Each structure stands twice: as C-alpha cells, then as structure tokens.
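Student: This is the structure, below, for whatever I ask next.
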C-alpha cells in the first residue's frame, strides 16, 4: 500500500493553463506539505497544513493555491502556469508538526 | 542565505571507499534528519538525531549530531553502488513558532563499481 500518493506523476502543459496535483496519505498523519524541487535538486517548502489548517505559507505566487478537504488530502492548484513553474512537486506528510516527513513519488511538471 | 549548508555538493567514489558528508549551520536545531533520494523518487528518511553529540548507526552508515546541535555528519564505510543517491539533511530550528522543516541542497553521491 502506498503511504503518500500523488497524481499525476508526470504533467506536461502549456503556459497559461490551470492544473491541479492531488495528494493523499493513508498514514493517519496530522500534517501535510507541498515542496518544490528545482533543477538543481533544492527542496523548498511551499505550504504546510496541520489538521486541515494552513500553518506555513512561504513566499509563493498566489497562483498556487493549496486545498485540504480533509486530514488525508492536500491538493495543489496552479493557475496561469508559467515556464518557471517547471519543477518536481513533492507532497509529504508527518505524524505531527516537526516530525519526520514521508514523501510521495513526486509530480514532474513541465510547462511548455 | 542557505540555512543548512551541505558539503561536498558532488562526490564520486569507487566501491569500497569510505566517505563523509557534512551538514552545517550557524543556527541551533531541535533535531536533524537525513534523507536519501534516488532518481525519480521522493526522499526517504534514514535517521533523526535529537541530542547534541548523538551518534546513530544504520549498518554501514554512521550519523553524528554536533555537540552544539548546529551541524551533523554522515559517514559511509565501504560504499556500495546501491548507496548512490542524493543525501539531504533537514532540520527544524529551535525555539519560536517556526514549523518549517528546512532542507539543505544535498550531496549527490555516485559509487562506481
């Protein structure tokens, strides 16, 4: 059973489009995250939710909007995609704040 | 300014060699974690160190947390090709309400057969 699953694994889209990435965890964790990994492999946090409440919102363009319908899901919607949004986006969860993170397999987003 | 500095950035060695990678900061951390990421996959947790001076061993991997809880090292003995991957350290700063798990930029290790 996959602990943290995100879909799709690959996403190729044109500039200006709107797209969503879905994430689900079946670990019963309270905290979920979205990270962005750039071409140089730097992993940077974007958002963090604890019990469906937003607790971290980094300096991310407001074209990115996370949504947590319940504790097990944290989706990421991106409006008006730009070339610079191309990256691998990772969803992760942890039992609670500040504990070890379990990552999904990543979504490789390519904006053309 | 990078909170966690990892060195070296790249490391290519032969099977059987030993190596050490470092994770340094000027900040104090309540804990530090080490992850390994393989191509096309997400990072996978290897270990968490919490106490200053703590040493943890995971088979051929030895992790150490600095006495002041500002730095950590990962030593691999007799490296094998299966050790190839991106090694990331991550930590949460002590104090305040900063809940961010911040990552270093990683050390990309290649072990050649």
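Chains as they are written, first to last, in our numbering: chain A, 20 to 131; chain B, 273 to 385.
Just so you know, even glycine gets a beta-carbon here, dropped at the ideal spot from N, CA and C.
As the structure is a computational prediction, the values presented were derived from the model and not from experiment.
#1: Which residue or residues does DSSP assign as beta-bridge partners of residue 278/B?
#2: So, at 8 angstroms on beta carbons, what are the nonlocal neighbours of residue 392/B in its own chain, with the 5 sequence-adjacent residues on each side left out?
#3: Using only CA atoms, which one of 130/A, 117/A, 123/A and 126/A lies nearest to residue 302/B?
#4: Report the residues of the stretch 54-70 of chain A with a CB closer than 9 angstroms to any CB of chain B, ordered along the chain.
#5: Assess contact between the stretch 21-33 of chain A and the stretch 42-52 of chain A, defined as three or more Cβ pairs (one per stretch) separated by less than 8 angstroms. Is contact present?
#6: Consider the Cβ of residue 124/A: report whether some Cβ of chain B lies at a distance smaller than 9 angstroms.
#7: Residue 280/B touches chain A at which residues, Cβ-Cβ below 7 angstroms?
#8: Looking at C-alpha atoms only, which residue of 110/A, 122/A and 121/A is the closest neighbour of residue 39/A?
#9: If I follow the unbroken beta strand (DSSP E) through residue 363/B, where does it start and stop?
#10: I want to verify the contact list: residues of chain A whose CB lies under 7 angstroms from the CB of residue 358/B, in sequence order.
#11: As a quick exercise: from 114/A, 77/A, 62/A and 108/A, pick the residue whose alpha carbon is nearest that of residue 70/A.
#12: What residues from chain B crowd round residue 117/A, counting only those whose CB sits closer than 8 angstroms?
#13: Would you list, in chain order, the members of the stretch 318-351 of chain B that have their beta-carbon closer than 7 angstroms to a beta-carbon of chain A?
#14: Under 7 angstroms Cβ to Cβ from residue 299/B, same chain only, skipping five residues before and after it: list those, please.
#15: Determine whether the Cβ of residue 79/A lies closer than 9 angstroms to any Cβ atom of chain B.
#16: Taking just the CA atoms, how far does residue 311/B sit from residue 60/A?
#17: Would you say residue 109/A lies against chain B (beta-carbon separation less than 9 angstroms)?
#18: If you check the beta carbons only, do residue 112/A and residue 50/A fall under 9 angstroms apart?
Tutor: This is what the structure holds:
#1: BP columns for residue 278/B point to 295/B.
#2: No information on residue 392/B is available, as it lies outside the stretch 273 to 385 that chain B covers here.
#3: Taking only the C-alpha atoms, the option nearest residue 302/B is 117/A.
#4: Here the close residues are 54, 56, 59, 60, 61, 62, 63, 64, 67 and 69.
#5: In short, these stretches touch, since the Cβ pair count reaches three.
#6: Yes, residue 124/A lies at the interface with chain B (some Cβ there is under 9 angstroms from its Cβ).
#7: Going along chain A, no residue has its Cβ under 7 angstroms from residue 280/B, so there is no contact; the nearest lies around 14 angstroms.
#8: Looking at the Cα atoms, 110/A is the closest of the given residues.
#9: Run containing residue 363/B: 357-365, per the beta strand (DSSP E) assignment.
#10: Around residue 358/B, the beta-carbon contacts reaching into chain A at under 7 angstroms are 60.
#11: Nearest C-alpha to residue 70/A among 114/A, 77/A, 62/A and 108/A: 114/A.
#12: For residue 117/A, the residues of chain B that pass the 8 angstroms Cβ criterion are 302, 303, 364, 371 and 373, in the order they occur in the chain.
#13: Answer set for the stretch 318-351 of chain B: 320.
#14: Excluding sequence neighbours, residue 299/B sits near 275, 342 and 365.
#15: Residue-level contact check: residue 79/A does not touch chain B, since none of the beta carbons of chain B fall below 9 angstroms from its beta carbon.
#16: Taken atom to atom, the span from the alpha-carbon of residue 60/A to that of residue 311/B is near 11 angstroms.
#17: For residue 109/A, the closest Cβ of chain B is nearer than 9 angstroms.
#18: Yes, Cβ-Cβ distance for residue 112/A and residue 50/A is below 9 angstroms.
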